[in-house]
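Numbering (my numbering), first residue to last: 2 to 630.
Beta carbons are placed, not taken as given, at the ideal position from N, Cα and C, and that holds for glycine.
These figures come from a predicted structure and were not determined experimentally.
In what follows, a single structure is set out as structure tokens and then discussed.
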Amino acid sequence: MLLKKVTIHKYKSFLTEQSYEVESAITRIVGKNESGKTALLEALAKSNYFEDNAEFKFDKDLDYPRSELTKVRNENPAVLTCEYELSDDIIKSVEDDFAEGIVAGKTFSVTSYYDNKKTTTGISVDFPVFKEWLIAAFDIGDQCKELIHAATAYSELESTVSENNSLPGMKEIKGELDRIKKDSHGWTNPLEGYIYHKYVSPAIPKLWYFSDYFSLPCRINLNEFSSGRPTGSLTSEEFKIAKALFDLSGLQLSDIQSESNFEAFKAQLEATSNAITDEMFEYWSTNQNLEIRFDIEHAPNSVRYLNIRIYNSKHRVTLPLKNRSKGFLWFFSFLVWFSKIQGDKNSKYILLLDEPGLSLHASAQSDLLRFIDEKLAPDYQVIYTTHSPFMIDSLKLNEVRTVYDTQNPKVGSVVSDAVEEKDSDTLFPLQAALGYTIAQNLYVSPNNLLVEGISDLVYLNHFSAILKEAGKEGLKEDVTIVPVGGADKIATFISLMRGNELSTVCMLDTFTDQSAQARLKRMVEQKIIADKKILFYHTVINQTFADIEDLFSKEEYLTLYNGAFGTTVQMSDLDADKPIMAQLKRINGKAFNHYSPANYMAKNIGTLTFSNETLERFEKLFKLVNEKF
């Protein structure tokens, strides 16, 4: 079962209703500090936390926007609505017990309220299919069949069966309806309630929340820990991680007190340390000479401590865990936490990571990003927040959601799937991530295709892949697409790449910026770049003016535009002979985010089809570009 969409009604800094889509694998939430990122995860975690924890329950006095709290003093407002998609396995289980096609829809929603109660909508059944199943499953005569067929609603069916209980087979059917009603938990439609509580509810993923503040203590008083709750020596967060460590190892604290079981206890500890060490250093490239070790310290008065130490094979010394960097401590604690999740094969989880790896340096953050991609995403939906450019994959910007505080006391925080937001601080991690990727490519890629924006990058990457899969020509493998952030920056990047003796080709929209055009012309005159290596989209389609969007058929680009913005612009609204972007700007009444349609395409690429005309235009473009390298 997948979480598909989250709607925050009102929670802390979110003063107006905000919705965001959730990716099937990784959703990356970007925003500066105090923008509302943590509140976004907190609200979701509280909606279905994996354990009974007072810290992860809604509290109207603490969580409802303070400026409006007095207005809802005697009310129970909704906090959050989660939309889920039923898995094929769940649908099959229902169909196996009833009949094929009985589940009428694949999506449903669960709304959480400030009193921590929930309501569910969207569970729907095909009533005619259910009636046919009843008729087939029970031995009834023609009269009963006619009566059941005549029922137009579930309540009418119940009444009909009760009123005709004496007819052959009706008693058995009534027994079946009574059984369904008993386990429907008072739903208006008992069948929908029965299906939800028996098949759906147990499969709704639980939420695991992990923040930068969760870390394993380097020294644990085992006598105190055996009390089962945090004491003066451990914070609640430290206790949680320590408990996860013991759960992971399968250790019983009673074994600590038993001298006869002590060797077995140590053996379990060593096995656990070996497993965590192997996992950690697969993704900790910073220092491969380290090894995690556990040992038991016997203190006076029969007190025992578990000490966690790090052995350095290069220097052949051990040091307490606390002597390692904060980043190392966080990564180790996170692996302990995650390893416990992996050990629970009976439950499904969604992982919520609040600013993961905040204390890690850049290369270690890249290791963590690789860990999330390779270890977490294949088995779990992951939602994480960040304001670090090193935690953003520049080739997966469609997975990014931005959060920013509008500073408007009536609006509050806003969440969006648009990359091109107005808030420059919010955009910085994305811009920096692209810049970081570009900087790397400057030294590893001999051939670079300069384009103006992120939308160009998305379109060209996807169409290159589509064409190659069809056995046609896409972009050469040794060519890196570099979005520079606008025509005015083209000249700067050309100079930079020339200085590094890199081959450069430009693919640009038709110039409207005269200063940019003049700068590029001067570079041609100065032989910094050859005129033949400056290409324009209008040459691909033999027009005088074109953006990359004009390579699409107008019908296909309208599909992307309408899908991105929820509009219903028709072909009849357009002039077939004029470029599409200026026309859409006129219809829209203002400029629009060019990235949004590209993002829509990236998200729906599996269901979209493109005409031969469009594919031929993109193939022509790639042939033109490839010839220049």
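Please identify the residue among the options whose C-alpha is closest to the C-alpha of residue i.
i	options	result
K207	F566, Y85 and D418	Y85
L631	N600, L622, V23 and E173	This structure gives no information on residue 631, because the portion of the chain shown stretches from 2 to 630.
D418	S36, A565 and E147	A565
T39	D406, E164, N313 and I27	D406
P129	T108, E157 and S202	E157
L217	F240, E470, S125 and I91	F240
E22	A245, A100, I393 and T82	T82
T615	Y596, V570, I549 and S212	I549
Q527	V541, I495, F109 and Q515	I495
T273	K579, L336 and G607	L336
F546	I103, I581, E101 and T569	I581
E292	I309, I103, V304 and P66	I309
E96	L42, D576, V201 and T112	V201
H299	Q366, R371, S364 and N224	N224
K119	F59, Y155, L87 and A137	F59
E400	Y381, Y601 and W331	Y601
K33	V525, T386, N563 and I529	T386
Measure the C-alpha to C-alpha separation of residue i and residue j and round it to an integer number of angstroms.
i	j	result
I297	D355	33 Å
W338	L352	11 Å
F282	H388	25 Å
G454	V483	9 Å
A488	F512	8 Å
A265	N275	15 Å
E76	L461	52 Å
V318	I221	21 Å
I174	E133	12 Å
G37	S340	29 Å
Y437	N313	Only weak support is given to the placement of Y437: the predicted model assigns it a pLDDT of 49, under 50, and the question is left unresolved by the model.
L536	D551	15 Å
N594	P379	32 Å
S125	K624	51 Å
K6	E52	23 Å
D143	I149	10 Å
G187	K199	14 Å
Y350	Y115	23 Å
A152	S163	13 Å
K591	L585	9 Å
R618	A599	17 Å
K93	K107	12 Å
L270	D368	26 Å
N117	L168	46 Å
T161	E147	11 Å
K72	G123	30 Å
N627	T540	15 Å
Within the same chain, show all residues whose beta-carbon is closer than 8 Å to that of residue i, passing over the 5 residues directly before and after it, in chain order.
i	result
K411	L16 and T17
Q19	T8, I9, S414, V415 and V416
K172	N166
K632	Any property of residue 632 remains undetermined from this structure, which presents the chain solely from 2 to 630.
S334	F215, S216, L217 and I242
V525	A531, D532 and I535
Here's a check: name, in chain order, each residue in its chain whose Cβ is nearer than 7 Å to the Cβ of residue i, leaving out the five neighbours to either side.
i	result
F630	N448, K477, V480, S504 and V506
N442	With a pLDDT of 49 at N442, under the threshold of 50, the predicted position of this residue should be treated as unreliable, and no value is reported.
D574	I588
K469	G475
S612	S554 and E557
A44	I9, Y12, V80 and L81
K327	S360
Less than 8 Å between the CB atoms is what I'm expecting for residue i and residue j, so what's the real figure, rounded?
i	j	result
G170	D140	5 Å
G358	M392	7 Å
I91	A204	6 Å
A105	D127	5 Å
I27	I373	7 Å
L451	V485	6 Å
So, for residue i: in the same chain, excluding its five sequence neighbours on each side, which residues have a beta-carbon less than 6 Å away from its beta-carbon?
i	result
P301	none
Y195	I181, D184 and S185
V445	Because the pLDDT at V445 is just 49, under 50, the model does not fix this residue reliably, and the value given afterwards should be weighed accordingly. So the list is empty, once near-sequence residues are dropped.
D279	none
G46	It should be noted that the sequence gives Ala, not Gly, for residue 46. Hits under 6 Å: F57, L208, Y210 and L353.
Y50	F57 and L208
F247	none
F99	W134
| Start-end ranges of the alpha helix (DSSP H) lying completely within the region 101-142, minimum 4 residues | Taken in chain order, the complete alpha helix (DSSP H) segments of 4 residues or longer contained in the region 101-142 are 128-138.
| field | Unbroken stretches of the alpha helix (DSSP H), 4 residues or longer, contained in the region 363-427 | value | Runs of the alpha helix (DSSP H) inside the region 363-427: 363-372.
| field | In chain order, each beta strand (DSSP E) run of at least 3 residues that lies wholly inside the region 165-192 | value | The qualifying runs do not exist here; there are none.
| field | 3-residue-minimum beta strand (DSSP E) runs that sit fully inside the region 450-494, ordered along the chain | value | Runs of the beta strand (DSSP E) spanning 3 or more residues and lying entirely within the region 450-494 occur at 480-484, in chain order.
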